[in-house]
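Comments concern the structure below.
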Amino acid sequence: MNIFLIFAFLFFAGSTCGWGLEVVFRRFFSKNNPSKKWVNPGFLNGTYLPIYGFGLCALYAMTMLEKFIYVDNAVVQRLILFIMMAAAMTAIEYIAGIIFIKGMRIKLWDYSEEWGNVQGIICPKFSFFWAVLSAMYYFLIHPQVLDGIRWLSENLAFSFFIGLFFGVFIIDVSYSLNLIVKICRFAEENKIIVKYEHLKDEINSRAMEGQKNVLNFLLQFRSELTLKESLEAHLKHLKRK
């Protein structure tokens, strides 16, 4: 089967499943969400997180490297593989964070309070979690991924839905980047770094309780205030700290 279609399928699966994983983590386990609200993570509006899509593609590709790790002990060989996977996932996380912070003055997540963090983008704790997830992927998910690819090769009509996903995804990226550019311009004018999750939380907190619904959850900047007014309110909040 075409390698492009395989990675398109993996990106689709990783982005959507990763979004679900992140939603559950933030709802039940994140200390940054003490009120235990449902949070739509990421800078896009839809039910997908591209970083997990790229991550699944990377993990799938790295399983092919196992045979090149020349260690007699199978356990040690796999430990080395899991460390390599965790390093790759950490690198993806760092690159994504740097692009937004340096290029757009926006911080999508913040590990500043974590021990050993680098620029608040990556930290040892979450690199360890990536290693654990890599092991889970290897033993539990990778066999299912191989079955999924095999199934896709026998049901190529499903590629229509992959194409539909990317169509919606591209529209969402265009819409979200338009918002990001406006936020970036405001951040540069005021010499600040906008913490994206805090900004979203402030906007959602202002929404009237009766208006909160699925549309509010997905359209994260839907508010009675304009984006400029929301950013000015966010700036005042930062100055009060």
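First residue of the sequence shown: 1431, per this note's numbering; consecutive thereafter. For each residue, glycine too, the CB sits at the ideal point set by N, CA and C.
Coarse secondary structure for residue i, derived from DSSP in three states
i       : result
MET1638 : Bear in mind that the predicted position of MET1638 carries a pLDDT of just 48, short of 50, making it unreliable; the figure below should be weighed with that in mind. Coil.
ILE1552 : strand
VAL1575 : helix
ILE1600 : helix
LYS1621 : coil
LYS1537 : strand
TYR1478 : coil
GLY1473 : Residue 1473 is actually Phe in this sequence, not Gly. Correct three-state label for PHE1473: coil.
LEU1495 : coil
PHE1520 : First, the residue type needs correcting, since residue 1520 is Thr and not Phe in the sequence shown. It is helical.
LEU1655 : coil
GLY1677 : Here the chain covers residues 1431 to 1671 and nothing more, so residue 1677 does not appear.
TRP1468 : coil
ASN1585 : coil
TYR1568 : helix
PHE1616 : helix
ASN1608 : helix
CB contact flag (residue i, residue j, <8 Å)
i       : j       : result
MET1695 : LEU1495 : Because the chain is modelled from 1431 through 1671, residue 1695 falls outside the range shown and cannot be assessed.
GLY1533 : TYR1482 : no
ALA1561 : PHE1498 : no
LEU1440 : LEU1486 : yes
TYR1605 : PHE1473 : no
VAL1575 : TYR1490 : yes
GLU1619 : HIS1667 : no
THR1477 : TRP1449 : yes
ILE1623 : ALA1617 : yes
ASP1577 : ASN1475 : no
ALA1521 : SER1557 : no
ILE1551 : ILE1528 : yes
Neighbour-count burial assignment, residue i, 16 or more Cβ in a 10 Å radius
i       : result
ASN1585 : exposed
ASN1470 : buried
PHE1434 : exposed
SER1542 : exposed
PHE1530 : buried
SER1564 : buried
THR1656 : exposed
GLY1640 : Confidence is the limiting factor: at GLY1640 the pLDDT is only 46, short of 50, which leaves the residue's position unreliable and the question unanswerable from this model.
ILE1525 : exposed
ARG1535 : buried
MET1638 : Note on MET1638: pLDDT 48, under 50, position unreliable in the model; no value is reported.
LYS1555 : exposed
LEU1570 : exposed
ILE1600 : exposed
LEU1594 : exposed
PHE1442 : buried
PHE1588 : exposed
PHE1484 : buried
LYS1630 : buried
CB-CB length for residue i against residue j, believed under 8 Å
i       : j       : result
ALA1438 : ILE1579 : That pair is no contact at about 11 Å.
LEU1479 : GLU1523 : Contact doesn't hold; Cβ gap of about 12 Å is too wide.
Q: Check whether the stretch 1652-1667 touches the stretch 1502-1509, counting contact only when three or more Cβ pairs, one atom from each stretch, lie closer than 8 Å.
A: no
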